[in-house]
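J.: Just passing along the structure, written as structure tokens.
Protein chains: 2
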Amino acid sequence: MSYQMLDKKVLQSVKDVAHKLRIHSITSTQAAKSGHPTSCASLAEIMAVLFFQTMRLNLKHPRDPSSDRLVLSKGHAAPILYAAWAEAGLFPVEELRNLRKVDSDLEGHPTPRLNFIDVGTGSLGQGIAIAAGMAYVGKYLDKAEYRTYVIVGDGESAEGAVWESLHFAAQYSLDNLCVIFDINKMGPNDMAMEMEVYRERLDAFGFNTLTVDGHDIDELNKGFHNAANCKDKPTAILARTTKGKDFLAVEGCEELHGQPLGKKAEAAIQHLQFLISNPNVRLSPKKMGKCGRAPEVNITNIMLCVPPNYRLGDSVATRLAYGTALAKIAADNPRVIALDADTKNSTYADKMRNAFPERFIECFIAQQNLVGVAVGATCRRRTVAFVSTHATFFTRAYDQIRMGAISNTNVNFAGSHCGCSIGEDGPSQMGLEDIALFRSIPGSTVFYPTDAVSAERAVELAANTKGVCFIRTTYPSTRVIYNNDEVFAVGRAKIVRQKPSDEVLLIGAGVTLYECLEAAERLEEDCITARVLDPFTVKPLDVSLIVTHGRLCKGRVVVVEDHYQQGGLGEAVLSALADQRNFVVKHLYVPTVPRSGPAAVLLDMFGISSRSIYKATMCIMKK
Amino acid sequence: MSYQMLDKKVLQSVKDVAHKLRIHSITSTQAAKSGHPTSCASLAEIMAVLFFQTMRLNLKHPRDPSSDRLVLSKGHAAPILYAAWAEAGLFPVEELRNLRKVDSDLEGHPTPRLNFIDVGTGSLGQGIAIAAGMAYVGKYLDKAEYRTYVIVGDGESAEGAVWESLHFAAQYSLDNLCVIFDINKMGPNDMAMEMEVYRERLDAFGFNTLTVDGHDIDELNKGFHNAANCKDKPTAILARTTKGKDFLAVEGCEELHGQPLGKKAEAAIQHLQFLISNPNVRLSPKKMGKCGRAPEVNITNIMLCVPPNYRLGDSVATRLAYGTALAKIAADNPRVIALDADTKNSTYADKMRNAFPERFIECFIAQQNLVGVAVGATCRRRTVAFVSTHATFFTRAYDQIRMGAISNTNVNFAGSHCGCSIGEDGPSQMGLEDIALFRSIPGSTVFYPTDAVSAERAVELAANTKGVCFIRTTYPSTRVIYNNDEVFAVGRAKIVRQKPSDEVLLIGAGVTLYECLEAAERLEEDCITARVLDPFTVKPLDVSLIVTHGRLCKGRVVVVEDHYQQGGLGEAVLSALADQRNFVVKHLYVPTVPRSGPAAVLLDMFGISSRSIYKATMCIMKK
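These protein sequences, in sequence, are chains E and D.
What the first sequence shows, in the UniProt record's numbering, is residues 1 to 623, in sequence order.
What the second sequence shows, in the UniProt record's numbering, is residues 1 to 623, in sequence order.
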């Protein structure tokens with residue numbers, strides 16, 4: 001489809017709107033006494049063209065699954081994004097003056113507290129992954145016409161996550177994705193990063209790359225038209241812009257980054273008003289077409305298509321049970337998807353790939369993009385995503401997971417290869433801080449299933465639980481201890497061994513639960529009976545069951561985990577008991593960087609074996 | 001300097017050594033019953049040429065500051081690295097059979113438990129940053145002739161961290177750095193990643209890019225010669241290789257990734273022996289030259305050149321005191337360096353840049369590379385590095401920091417903008433999990449200075465403390481409460497308010513310490529006297545002081561922090577009291593994702609203000 005230039009009147013109207021957006025960016029940050037108006041100014045024409053010539057929106061339902069998406073990766077330009085929605089008619093422009101106030105959702109950086117925001121941004125370099133996730137779903141699952149736009153700053157293009165995502169987008173031919181680089185050249189990063197360098201890099205990463213004057217309405221409009229008509233390649237629009245553009249006495253002034261204009265505001269606004277030819281200009285966004293809409297989907301009540309099917313005493317790794325359960329819930333619901341970062345053979349996500357290859361997304365060895373794509377793929381309730389890799393490699397994407405919580409994401413994570421029990425591969429491969437990481441995520445649920453039956457139920461529960469879920473799976477095989485019909489629930493622990501005479505409560509999960517059981521056997525030989533508790537979820541923890549049984553066991557608790565001391569199961573138990581007097585807790589954990597060796601030897605060497613539990617219990621019995 | 005081809009005899013010897021390295025890779029992984037021999041095989045000629053034609057080494061002191069460096073970013077190829085050092089004569093080749101055994105330091109992935117390893121690798125995509133840090137120091141600080149080599153796998157080149165580091169290396173013209181890509185094309189990543197794509201990408205990222213047959217000794221040797229003679233640009237050697245090269249019946253066989261050859265080992269070894277023309281071949285690495293050596297440096301006993309200079313009651317942000325102290329210790333020792341990721345104006349690292357620009361490294365908005373460069377810069381005790389950015393953005397580099405602990409790094413981190421107290425910028429910018437992150441690092445020290453005096457001393461102590469140090473600094477100004485001559489030590493808390501009648505111990509740090517003091521005032525009006533404790537270091541925590549004073553306060557403790565519940569100061573206190581009966585702890589923390597607003601309003605809204613502390617104390621008084 002060939003491009004037709006805008007007629008002069010329309011062109012002038014869009015220009016006028018751009019200047020109005022500039023004025024709003026000044027006035028809102030003036031009212032807030034903080035913010036980044038000059039970072040907004042460089043985007044004014046880009047926003048005006050996107051909102052009033054390009055994107056197809058539904059103002060009645062801004063998160064309509066069929067409408068186009070926009071992710072503002074450079075989240076500090078929030079004021080102009082808010083201004084664009086206000087000018088489009090979503091809410092009164094007067095509200096823009098509430099920017100950054102505690103009783104307004106127009107926060108300093110965008111969050112989905114606003115009904116027109118899909119994801120929180122503000123930690124730089126994360127927007128493209130999210131947009132790529134949306135685009136992937138649009139192209140391959142929804143098979144719909146909506147397009148995804150993402151605006152990236154030049155400073156943030158130093159983030160490696162950006163290049164992970166560009167690589168991903170090109171590999172999967174996401175031609176429904178358009179990445180706009182706002183190159184206002186103010187960062188410390190500008191030495192060699194001239195336009196030509198960007199162009200070479202984007203070309204080399206497989207993009208349809210267009211260089212435009214980011215303040216020229218017609219060039220921008222043509223660029224978006226070109227992008228929409230380019231097949232099999234995502235488009236990068238490299239927009240050459242000026243920071244503080246058209247702000248009188250401010251344009252191009254680096255020192256004013258991240259500050260309202262203060263005393264210069266009034267003159268700048270007057271100048272902008274002078275540039276506007278029709279102060280009453282009013283444009284509307286395009287509407288969505290009738291065709292190519294996203295299908296209606298239902299992602300509730302997801303179940304294992306068949307229940308767990310093991311025999312008590314079977315030896316099965318929980319990571320294997322994870323893969324099995326994943327394929328089972330995917331059979332139950334066509335919107336369950338799985339993503340992995342070149343570890344599918346060891347996380348057992350390959351069971352999903354084998355069963356439903358079209359719903360498995362290989363994200364290569366790039367964990368930040370992996371997580372971002374999943375967050376994007378779940379937006380607007382399009383999918384239920386399960387992301388797997390080795391537990392410790394989620395540390396690579398901690399920032400993305402943290403931002404996921406701000407985005408109210410429901411992504412589920414599964415981390416295999418936890419703790420010393422992986423053995424010979426050594427410390428770089430051992431997840432020893434993963435519980436700490438996922439516990440720190442607001443609203444998260446942390447599953448730590450001990451056997452295959454509970455692991456399958458963890459997957460099923462995670463699929464239906466809001467917020468970030470994490471399932472910690474174990475490398476070696478462990479004994480099945482629950483019946484196939486055992487009922488599990490979030491926040492409900494299990495007592496797996498007890499006698500009325502119990503004098504100590506042992507708490508373990510995964511490999512350490514078996515160590516607890518073995519320690520209990522040995523203790524009984526010495527006439528000490530121990531109760532054993534399997535928490536199932538570390539967060540929320542079953543506080544009342546722990547308090548009740550801890551009291552029955554004379555306030556003596558031994559908690560043991562294949563994890564570092566900080567932030568894991570042990571500190572979760574201590575938090576649960578914080579406001580209880582008369583408890584004494586002995587916490588066994590991996591105290592230092594482990595090493596390569598056989599799993600059983602390491603568990604003992606680092607003090608979390610049955611022998612260590614036995615000793616700790618003997619010691620605590622005196623208290 | 002023009003290149004002269006190797007003479008035939010030398011060429012054959014290097015070839016023979018390469019095959020010997022292959023044999024060792026098979027036999028050691030056979031003995032271990034695990035490992036990645038085929039990933040070693042693709043590297044055999046590269047290793048042979050590096051060790052026996054290119055690198056200048058000191059076998060008596062493998063970490064000689066003047067010798068060349070090699071970082072094996074693809075750490076799973078450890079067996080062939082170990083084999084090369086053994087063949088070079090560092091230790092008997094028989095020891096290679098102890099690979100992965102618990103009593104051997106020849107671990108599954110390299111760690112600096114071995115005297116010839118600088119840093120732990122095995123989490124992919126991290127090696128180039130470390131090598132770039134070494135090269136930066138070599139070129140700009142040591143001004144020495146040593147060169148730095150780093151071997152990267154093709155799979156790991158999907159990691160964004162790789163591209164952050166390539167950008168950095170080119171920006172700083174690190175012509176003493178040579179990055180070798182072992183392109184054995186076995187990952188899921190190989191679709192479009194043909195050699196030409198690599199070449200275009202590396203060219204676009206500013207490298208001197210050479211494509212070679214990675215199994216051709218002469219081409220490799222010529223490549224390294226070219227690299228050594230290229231000025232102002234780092235070199236990338238793109239080596240086209242084959243996985244399992246010259247392993248009979250195994251070469252190019254993807255299924256065998258990460259497995260020993262098993263039954264195929266014997267035939268493969270026989271075939272390799274057949275390929276070796278002189279089984280007794282023995283080569284030695286090049287020695288270091290007499291010129292261009294690295295200077296001797298002393299990085300001990302670093303002190304503030306002048307003591308803190310504040311008045312009690314002054315209002316000074318601890319982040320500002322951080323910058324001041326940094327410049328002061330840099331004045332005391334010429335090996336103190338600072339690194340920042342485009343946040344120097346707000347972390348106040350710019351004070352260092354202004355005073356000693358040649359020791360300030362701007363790392364752009366790329367936190368993974370930031371941390372990796374610092375780890376590399378501190379290797380072989382060349383520098384004392386301070387890395388700063390906003391506290392929450394260290395989540396971006398959690399994996400690098402985690403690996404830093406495995407590398408025994410002494411890098412110091414300073415995170416500004418912690419907690420809700422940053423106010424209007426909103427949750428994406430608030431560090432609310434940074435204490436959890438840094439506490440989880442084995443051997444770490446976590447400073448949380450409350451005022452400017454203690455902040456300056458934290459910087460001084462960190463400079464002299466082994467292991468990872470983290471200094472959490474605060475955005476708003478806080479009141480100076482310590483005299484300039486107050487003595488601080490790691491693990492020593494301060495009682496800042498006490499009376500004999502105290503019935504509750506309040507623990508806070510940073511902004512919450514002031515809230516505790518204010519709450520204590522209000523409580524006293526209600527005839528309840530409270531003791532207030534400032535921990536100074538959250539890790540190690542002053543357990544004995546807390547236990548002693550907690551007991552004196554009837555076992556009642558209120559701990560309050562501008563951080564999420566998990567893994568922070570509160571859980572540290574709970575861990576400290578775990579084995580004490582008769583304590584009751586009320587923990588106040590930020591319970592959910594905060595929002596934009598004035599700092600004081602947010603502290604109250606999220607339950608960590610003096611009002612909340614007052615209420616919590618009234619409640620705990622009943623227990």
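Quick reminder that beta carbons are idealized off the backbone N, C-alpha and C, glycines included.
Can you give me the C-alpha to C-alpha distance between residue 398 of chain E and residue 1 of chain D, rounded to a whole angstrom?
T.: Counting from 1 along the first sequence, the entry for residue 398 of chain E is found at position 398. Counting from 1 along the second sequence, the entry for residue 1 of chain D is found at position 1. Distance between the alpha carbons of residue 398 of chain E and residue 1 of chain D: 48 Å.
J.: Considering only their Cβ atoms, is the gap separating residue 588 of chain D from residue 557 of chain D smaller than 8 Å?
T.: Reading the second sequence from its first residue, position 557 is the one you call residue 557 of chain D. Reading the second sequence from its first residue, position 588 is the one you call residue 588 of chain D. Not a contact, by the Cβ cut-off of 8 Å.
J.: Per the DSSP calculation, residue 149 of chain D is bridged to which residue(s)?
T.: On the second sequence, residue 149 of chain D is found 149 positions in, with the first residue counted as 1. According to DSSP, which records beta bridges pairwise, residue 149 of chain D is partnered with D/70 and D/178.
J.: So, with DSSP's three-state summary, where would you put residue 16 of chain E?
T.: The residue you call residue 16 of chain E lines up with position 16 of the first sequence. Correct three-state label for residue 16 of chain E: helix.
J.: Do you know how far the Cα of residue 266 of chain E is from the Cα of residue 390 of chain E?
T.: In the first sequence, residue 390 of chain E corresponds to position 390, counting from 1. In the first sequence, residue 266 of chain E corresponds to position 266, counting from 1. Looking at the two C-alpha atoms, the distance is approximately 55 Å.
J.: For residue 332 of chain E, which residues of its own chain have a beta-carbon under 8 Å away from its beta-carbon, when the five flanking residues on both sides are left out?
T.: Within the first sequence, the letter at position 332 stands for residue 332 of chain E. Once the five neighbours on either side are set aside, the close Cβ partners of residue 332 of chain E are 302, 303, 304 and 305.
J.: Following the continuous alpha helix (DSSP H) through residue 475 of chain D, name the residue where it begins and the one where it ends.
T.: For the purposes of this step, residue 475 of chain D is taken as residue 475 along the second sequence, with counting starting at 1. Note, residue 475 of chain D: premise wrong, no alpha helix (DSSP H); not H, not E.
J.: Name the two residues that bound the continuous alpha helix (DSSP H) containing residue 217 of chain E.
T.: Stepping through the first sequence from its first residue, residue 217 of chain E is reached at position 217. Residue 217 of chain E -> alpha helix (DSSP H) spans 217-229.
J.: Cβ of residue 108 of chain E within 8 Å of Cβ of residue 97 of chain E?
T.: Within the first sequence, the letter at position 108 stands for residue 108 of chain E. Within the first sequence, the letter at position 97 stands for residue 97 of chain E. It is not a contact, given that the beta carbons lie outside the stated cut-off.
J.: Contact criterion: CB-CB distance below 8 Å. Does residue 587 of chain E meet it with respect to chain D?
T.: Within the first sequence, residue 587 of chain E is the residue found at index 587, counting from 1. Chain D, which has a Cβ nearer than 8 Å to the Cβ of residue 587 of chain E, makes this yes.
J.: Got a sec? Which residues, its chain only, sit under 7 Å from residue 376 of chain D by beta carbon, not counting five neighbours each side?
T.: Translated into the one-based positions of the second sequence, residue 376 of chain D becomes position 376. Same-chain partners within the cutoff: 129, 130, 131, 132, 133 and 134.
J.: Between the region 116-128 of chain E and the region 73-82 of chain E, are three or more C-beta pairs nearer than 8 Å?
T.: Enough Cβ pairs lie closer than 8 Å, so yes.
J.: In whole angstroms, what is the alpha-carbon distance linking residue 369 of chain D and residue 463 of chain E?
T.: As a first step, residue 369 of chain D must be located in the second sequence, where it is residue number 369. As a first step, residue 463 of chain E must be located in the first sequence, where it is residue number 463. Distance between the alpha carbons of residue 369 of chain D and residue 463 of chain E: 35 Å.
J.: What are the residues of the region 392-413 of chain E that lie near chain D, defined by any Cβ-Cβ distance shorter than 9 Å?
T.: Under the 9 Å Cβ criterion, the region 392-413 of chain E contributes 392, 393, 394, 395, 396, 397, 398, 399, 400, 401, 402, 403, 405, 406 and 408.
J.: Kindly list the residues whose CB is nearer than 8 Å to the CB of residue 641 of chain D, restricted to its own chain and excluding five residues on each side of it in sequence; keep chain order.
T.: Residue 641 of chain D cannot be examined here, being either before or after the span of chain D that is shown, 1 to 623.
J.: On the CB-based measure, 16 or more other CB atoms within 10 Å of its CB, does residue 164 of chain E come out buried or exposed?
T.: One-based indexing of the first sequence puts residue 164 of chain E at position 164. Buried, since its Cβ has 16 or more Cβ neighbours within 10 Å.
J.: Given a cut-off of 8 Å on the beta-carbon distance, is the pair residue 563 of chain D and residue 246 of chain D in contact?
T.: Sequence index remark: in the second sequence, residue 563 of chain D carries index 563 (1-based). Sequence index remark: in the second sequence, residue 246 of chain D carries index 246 (1-based). Going by C-beta atoms, residue 563 of chain D is not nearer than 8 Å to residue 246 of chain D.
J.: Given that residue 419 of chain E touches chain D, what residues does it touch there, using C-beta distances under 8 Å?
T.: The residue you call residue 419 of chain E lines up with position 419 of the first sequence. The contacting residues do not exist; residue 419 of chain E stays about 13 Å from chain D at best.
J.: Kindly give me the distance between the Cβ atoms of residue 151 of chain D and residue 46 of chain D, rounded to whole angstroms, as I take these residues to be in contact under 8 Å.
T.: Locating residue 151 of chain D in the second sequence gives position 151, counting from the first residue. Locating residue 46 of chain D in the second sequence gives position 46, counting from the first residue. With 8 Å as the limit, residue 151 of chain D and residue 46 of chain D qualify as a contact, their Cβ atoms being about 7 Å apart.
J.: At which residue ranges does the region 394-479 of chain E contain complete alpha helix (DSSP H) runs of 4 or more residues, listed in the order of the chain?
T.: DSSP runs (the alpha helix (DSSP H)) wholly in the region 394-479 of chain E: 398-406, 434-439 and 452-463.
J.: Quick one: what's residue 336 of chain D bridged to in DSSP?
T.: What you label residue 336 of chain D is simply residue 336 of the second sequence in a count that begins at 1. Partner(s): D/384.
J.: What residue range does the alpha helix (DSSP H) around residue 351 of chain E cover?
T.: In the first sequence, counting from the first residue as 1, residue 351 of chain E sits at position 351. Looking at the DSSP string, the run of the alpha helix (DSSP H) that includes residue 351 of chain E is 350-355.
J.: Does the count of Cβ pairs from the region 33-53 of chain D and the region 270-285 of chain D closer than 8 Å reach three?
T.: Yes, the region 33-53 of chain D touches the region 270-285 of chain D.
J.: Buried or exposed, going by whether 16 or more other CB atoms sit within 10 Å of the CB of residue 300 of chain D?
T.: The residue labelled residue 300 of chain D in the question sits at position 300 within the second sequence. Counting Cβ neighbours within 10 Å, residue 300 of chain D comes out exposed, since fewer than 16 surround it.
J.: Provide the residue span of the beta strand (DSSP E) that contains residue 360 of chain E, from first to last.
T.: Taking the first sequence and counting its residues from 1, the one referred to as residue 360 of chain E is at position 360. 360-362 is the span of the beta strand (DSSP E), which, as asked, contains residue 360 of chain E.
J.: Are the beta-carbon atoms of residue 511 of chain D and residue 416 of chain D separated by less than 8 Å?
T.: Numbered from its first residue, the second sequence carries residue 511 of chain D at position 511. Numbered from its first residue, the second sequence carries residue 416 of chain D at position 416. No; because the gap between Cβ atoms is not below 8 Å, this pair is not in contact.
J.: Just to make sure I have the definition right: I need the residues of chain D whose C-beta is within less than 8 Å of the C-beta of residue 243 of chain E. Which are they?
T.: Counting from one through the first sequence, the residue named residue 243 of chain E turns up at place 243. In chain order: nothing, as chain D lies at least about 14 Å away.
J.: Mind listing the chain A neighbours of residue 581 of chain D? Cutoff is C-beta to C-beta under 8 Å, in chain order.
T.: Of the protein chains in the structure, E and D, none is chain A.
J.: Could you tell me which residues DSSP puts in a beta bridge with residue 208 of chain D?
T.: Counting from one through the second sequence, the residue named residue 208 of chain D turns up at place 208. Answer is D/235, bridged to residue 208 of chain D.
J.: Within 10 angstroms of the Cβ of residue 232 of chain D, are there 16 or more other Cβ atoms? Answer buried if so, exposed if not.
T.: The residue labelled residue 232 of chain D in the question sits at position 232 within the second sequence. Exposed, because fewer than 16 other Cβ atoms sit within 10 Å of the Cβ of residue 232 of chain D.
J.: What's the gap between the Cα of residue 184 of chain E and the Cα of residue 253 of chain E?
T.: Here residue 184 of chain E is taken as the residue at index 184 of the first sequence, counted from 1. Here residue 253 of chain E is taken as the residue at index 253 of the first sequence, counted from 1. Rounded to the nearest angstrom, the two C-alpha atoms are 11 Å apart.
J.: Could you compute how far the alpha carbon of residue 513 of chain E sits from the alpha carbon of residue 535 of chain E?
T.: Here residue 513 of chain E refers to the residue found at position 513 of the first sequence. Here residue 535 of chain E refers to the residue found at position 535 of the first sequence. Straight-line Cα distance between these residues: approximately 10 Å.
J.: Residues of chain E with CB closer than 7 Å to the CB of residue 549 of chain D, please, in chain order.
T.: Locating residue 549 of chain D in the second sequence gives position 549, counting from the first residue. Per Cβ cutoff of 7 Å: no residues; residue 549 of chain D is ~17 Å from chain E at best.
J.: In chain D, which residues lie with their C-beta within 9 Å of the C-beta of residue 615 of chain E?
T.: On the first sequence, position 615 is the one that residue 615 of chain E refers to. Residues of chain D passing the Cβ test: none, with the nearest at roughly 14 Å.
J.: Pull up the DSSP beta-bridge partners for residue 240 of chain E, would you.
T.: Numbered from its first residue, the first sequence carries residue 240 of chain E at position 240. According to DSSP, which records beta bridges pairwise, residue 240 of chain E is partnered with E/183 and E/213.
J.: In chain E, what lies closer than 7 Å to residue 124 of chain D by C-beta?
T.: Walking along the second sequence from the start, residue 124 of chain D turns up at place 124. Near residue 124 of chain D (Cβ distances below 7 Å), the residues of chain E are 365.
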